[in-house]
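One structure below.
Numbering (the working numbering), first residue to last: 609 to 1575.
Set out below in structure tokens:
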């Protein structure tokens, strides 16, 4: 009897999975001919899948597969490969496919392996085999969108997760050039076809990145004289970039400066914002050297753009708000950048330029010609409240702090420029006759105590200083701009020192103070690299030995404070995908995002299953005496964080097994998580419960009771509500859950009020969208956004803020298509000069602006390698009278982006040479943009269509292109 016959007979006879496994092993041991384990595993899988066709979503068959995986009857790589090879084409039931796909995913996750290579794919598999598996997964993903969906079995979600996981395996291969051009072409075709589906944003970005990757290899392959392109180095060393002006007009430069400043501020916490000083100086230098303006004009436009942005934000806000953040950036950070910019520019090619005179001229222009904007910036600044802990409830503004009650923005700006030696006090007094030379508030307080300012700040942050006193100090520090840099430095040093020395008590105290205050991290992210700071905290979580502590209950709560601060920063600035490192050690923060996952007990390794069962007995058992030190010592806090959502799910499920759920015992168990011992785990718990409520639908009454209890009882930290709040609000707004909430007597108004209070959402703001509008991921939404921004940039110094976050997370193809079509309209024969200038400013900014980690491939190489080639067939099909103006716009956009990127790369090298980060013998090596441009020209020559010939002709007729690239 074959293995498949044994499985069929066992199933029809109603045998348990354990008895089925025993029968299979007995049959295998008696077989005369022993097949290889891979063949045996494949035969077992195919036999069960055949039964699934007649018995869709059968739980016994699911258990058979689960047992086969756990007992290694089916090796995991064979299971995943067979699933894509046999099950996906033959099965048509979405629930069945989702069940098997989740088995694949959960089995991988329980191995704790960072890569599917070695788990889902054999570690010895060649890249050709891996690419074939990836193509089959893309076919499976497309199929998932054609089948019925359900909340219980979200097949498209599981299929998307599998595709992203498998694609990540390519990184493990030593050399991307192992991929043949033919295989890459097949991959491109599969990805292009898949991109037509309504994918999630994450999957779309992943696929577009790999589309660019494969296209780079294909285009470089036919040239036998060139070395293979290193695809991954091309992405990860994607050059720091900025916007560049394609048209030398005042309107264009003002818009470009505005976009640049917004880039630095919006992405301050990432590696592409003002926390990265070298990058910020590179952007300024690139912009200066790409535009034919003198220093006076350059500084004048930069300062005018800065105060225009500040003037649009009201200062009298009960929270810090964007206005005070802009003020902190302009006064506390921008002068430092300008000083470094002048140093680098003078040392790397502009030694004959009088930057000091240029800045004097710009300031005279600003103070003499823009009184209206300065008056708006001079509005009294109110001290920000930290929300829950402010000690300044009776102090409304700087007017309560003599002798600083008359301090204006003009005075603060001039003081900041004096402090970095950009101007002297005698010149500053000609601009502001009331300028005083008194020390800053905290400087004066430190002098009264006879200590240095850094010592004074350090004392306010020490563990001996009570929480409320530190919060009051930080409230006052928010508007003492000249201390921001030193405050950031002290915090950074203290955090790193206590992390590296594994000083739990001190690190926990500082972490709690930082996550309790709403705005201090915003300020320090202007001055330091926040990812570098967080890297030390992640290293602490890895290295701290919890088994050695004297008081485990006290230590666990402190450990939770460290976790909450890290999670708060990771969520607030979306840094989960960042590559954190301390020296040569690298750390991933993904496990702090995935704490919401609920695992089936059978899918967990035995050690983790034991942890869940032990905690269930300690927390949700009516006979339990509570949580003792033994269980705390035996549980790794990171594992507790991972399993808390599962613990709640199992506890709720256990309470509902009875006809009358034991809610007192259940809520008694919940209460353990509302104290400092465990409340730091609640981010994942709340998000996990939200998912469970969504899946349970009308049957979610008990889940809703627990959900409400966690939010309204008062023990859930405000930081937790800030991190999980938007997920909660999205859940509460779902129409299909309204009846379930009513039947559970869920206190919807109070829950929403608690979440809104934590998020700082007031009634008049309550309708603000909770996320980026999904339609922006498609062409129409992208065009609307491009058009809105172009209109806002045209001809006015009061340039409103640009929604850079929406640009960052748009799919590259949709964004470039929208940009091209809007440029065709903006640069058409009927458009005016302001339209031309703002269009080129936005175009060049988008192509050369650094994109944050996780937001998809860089746009400039995508333009040359993917977008233009995809557009050529459409242009070829147009009549010549229509083709020519469209090609003209495309060439203008492409040529300007090339020149801008070239200037940017040169500025990057200049800064690196100045900082001695680039060896002198490497400065003459070809630039990345030059390599891409040569490949692009080679592609156009091979294409031979009318559009490609016209593009080539226009590029070769461009003086700037010929001068810069010599092609």
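We put the CB at the ideal spot given by N, CA and C, even for glycine.
Simplified DSSP assignment, three categories, for residue i
i, result
"residue 729", "strand"
"residue 1157", "coil"
"residue 1429", "helix"
"residue 633", "helix"
"residue 1186", "coil"
"residue 1387", "Residue confidence is low: residue 1387 scores 46 on pLDDT, short of 50, so the model does not pin down where it sits. No coordinate-derived value is stated."
"residue 1574", "coil"
"residue 760", "coil"
"residue 1448", "helix"
"residue 1284", "coil"
"residue 1243", "coil"
"residue 1494", "helix"
"residue 1119", "helix"
"residue 1031", "coil"
"residue 1360", "helix"
"residue 1262", "helix"
"residue 1206", "coil"
"residue 719", "coil"
"residue 804", "coil"
Residue range of the beta strand (DSSP E) that includes residue i
i, result
"residue 1354", "Neither: residue 1354 is in no beta strand (DSSP E) and is coded neither H nor E."
"residue 1193", "1193-1195"
First through last residue of the alpha helix (DSSP H) which encompasses residue i
i, result
"residue 1041", "Note, residue 1041: premise wrong, no alpha helix (DSSP H); not H, not E."
"residue 970", "963-977"
"residue 1555", "1554-1564"
"residue 1147", "1138-1151"
"residue 1064", "1061-1069"
"residue 744", "735-752"
"residue 944", "942-955"
"residue 1131", "1128-1132"
"residue 1311", "1309-1320"
"residue 1305", "Unbroken run through residue 1305: none, as it is neither H nor E."
"residue 1330", "1326-1340"
"residue 958", "Unbroken run through residue 958: none, as it is neither H nor E."
"residue 647", "645-662"
Same chain, Cβ closer than 6 Å to residue i, neighbours up to 5 away in sequence not counted
i, result
"residue 940", "1089 and 1092"
"residue 1469", "1540"
"residue 1024", "939 and 943"
"residue 670", "707"
"residue 963", "903 and 950"
"residue 969", "904"
"residue 1535", "1513"
"residue 1165", "1284 and 1285"
"residue 1157", "1163"
Neighbourhood of residue i by C-beta, 7 Å cutoff - its chain only, sequence neighbours within 5 removed
i, result
"residue 1563", "1499, 1503 and 1569"
"residue 1395", "1430"
"residue 1366", "1326, 1329, 1330 and 1333"
"residue 827", "Because residue 827 carries a pLDDT of 41, less than 50, the predicted location of this residue cannot be relied on, and the following value inherits that uncertainty. Within the same chain, residue 827 has close Cβ partners 1473, 1543 and 1547."
"residue 1051", "1061"
"residue 777", "723, 724, 725, 729 and 738"
"residue 1384", "With a pLDDT of 39 at residue 1384, under the threshold of 50, the modelled position of this residue cannot be trusted, and the question is left open."
"residue 1278", "1314, 1317 and 1318"
Other residues of its chain near residue i: CB distance less than 8 Å, five sequence neighbours each side excluded
i, result
"residue 1008", "Low local confidence applies: a pLDDT of 43 at residue 1008 is under 50, so the model's placement there is unreliable, and no value is given."
"residue 1262", "1224 and 1228"
Original post:
Below 8 Å, can you find three or more Cβ-Cβ pairs linking the stretch 1299-1313 to the stretch 1336-1348?
Top reply: yes
Subject >> Stretch pair the stretch 1089-1102 + the stretch 1127-1141: three plus CB contacts closer than 8 Å >> reply: yes
Original post:
Can at least three beta-carbon pairs, one atom from the stretch 1160-1169 and one from the stretch 900-918, be found at a separation below 8 Å?
Top reply: no
Original post:
Just checking, does the stretch 708-721 make contact with the stretch 685-692 on the three C-beta pairs under 8 Å criterion?
Top reply: yes
Original post:
On the three-pair Cβ rule with 8 Å, is the stretch 1290-1307 touching the stretch 1197-1211?
Top reply: yes
**OP:** Report yes or no: do three or more beta-carbon pairs, one from the stretch 866-882 and one from the stretch 1137-1154, lie closer than 8 Å?
**Re:** yes
Original post:
Using 8 Å as the threshold, is the stretch 1550-1567 in touch with the stretch 1514-1522, meaning 3 or more CB pairs across them?
Top reply: no
Subject >> 3-residue-minimum beta strand (DSSP E) runs that sit fully inside the stretch 873-919, ordered along the chain >> reply: none
Original post:
Three or more beta-carbon pairs under 8 Å between the stretch 651-660 and the stretch 613-633, yes or no?
Top reply: yes
Original post:
Any contact of the stretch 1015-1035 with the stretch 952-960, i.e. 3+ C-beta pairs under 8 Å?
Top reply: no
**OP:** Indicate whether the contact test is met: 3 or more Cβ pairs, each with one atom in the stretch 734-750 and one in the stretch 692-700, closer than 8 Å.
**Re:** yes
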